[in-house]
Amino acid sequence: KLPELPYQRYKRFIEQYGLPKYDATILTESKELADYFEDILKEYNGDTKKVSNWIMSEVLRYLNESNKEITEFSVKPSQIAELLRLMDENKINIKIAKTIFPEMIQTGKDASKIVEEKGLVQVSDEKQIEEICKLVLQENPAEVEKYKSGKINVIGFLVGQVMKKTQGKADPKLVNQILTKLLNS
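Residue 120 in our numbering sits at position 120 of the sequence shown, and the numbers go up by one each step.
Written out as structure tokens, the structure reads:
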């Protein structure tokens, strides 16, 4: 069987993985990068766009900054797959993922190991988050008043305060839901 030509692979990435043309263009620029993408997908059955976003933002940024090729990249496709799964399972958020990624590159450690060692697991316990949200609302009566008078964009500030108290470990979507519920009750 003849090897797949770059254009054929480009078209297949769009059709098979539902990637935008831009992503498919970037990912098929080199056979090795395209292989890396598909090797991640062998281990990760989540959103293909999430994989391409991670490669195009984090992986390529590192390769460009360090003047390296994907073939010299120390993080294995299976390790990227695991990192993305941790986000999908709400164990870490994107902020934590971006924080630990450089350490994965430097040490070769798996994401879950770094998360465990540094105690970076995202807080998804609703009761715990609700307590912190109540505290933030008590500490910021002026913002609560603004919210109740229709300035609902202060919710962003309040979410930020909760994130600060949890050192960025709370699930921001959950924080937003809980704050909205508390403010509207």
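From the three backbone atoms N, C-alpha and C, an ideal C-beta is built for every residue, glycine too. In this text the structure is predicted, and so the values were computed from the model without any measurement.
Beta carbon of residue i nearer than 8 Å to that of residue j
i, j, result
"L120", "I94", "no"
"G46", "L84", "yes"
"V154", "C133", "no"
"Y62", "I105", "yes"
"S52", "L27", "yes"
"E43", "A81", "yes"
"S112", "L86", "yes"
"Y10", "T48", "no"
"D171", "N90", "yes"
"Y147", "L183", "yes"
Spatial distance of residue i from residue j (CA atoms)
i, j, result
"L188", "I152", "There is no way to answer for residue 188, as the model of the chain reaches only from 1 to 185."
"G168", "E103", "18 Å"
"T25", "E139", "50 Å"
"K127", "T107", "36 Å"
"S124", "K50", "21 Å"
"V75", "E117", "18 Å"
"L135", "L158", "11 Å"
"P77", "W54", "12 Å"
"K1", "E72", "28 Å"
"T166", "L60", "30 Å"
"R12", "E69", "23 Å"
"E145", "L179", "14 Å"
Local conformation of residue i per DSSP, three classes
i, result
"D123", "Looking at the sequence shown, residue 123 is not Asp but Val. Reduced to three states, the DSSP call for V123 is strand."
"N184", "helix"
"G150", "coil"
"L135", "helix"
"V75", "coil"
"S30", "coil"
"P3", "coil"
"I96", "helix"
"N45", "coil"
"G108", "coil"
"N140", "coil"
"E89", "coil"
"N64", "helix"
Per DSSP, cross-strand counterpart(s) of residue i
i, result
"A170", "V123"
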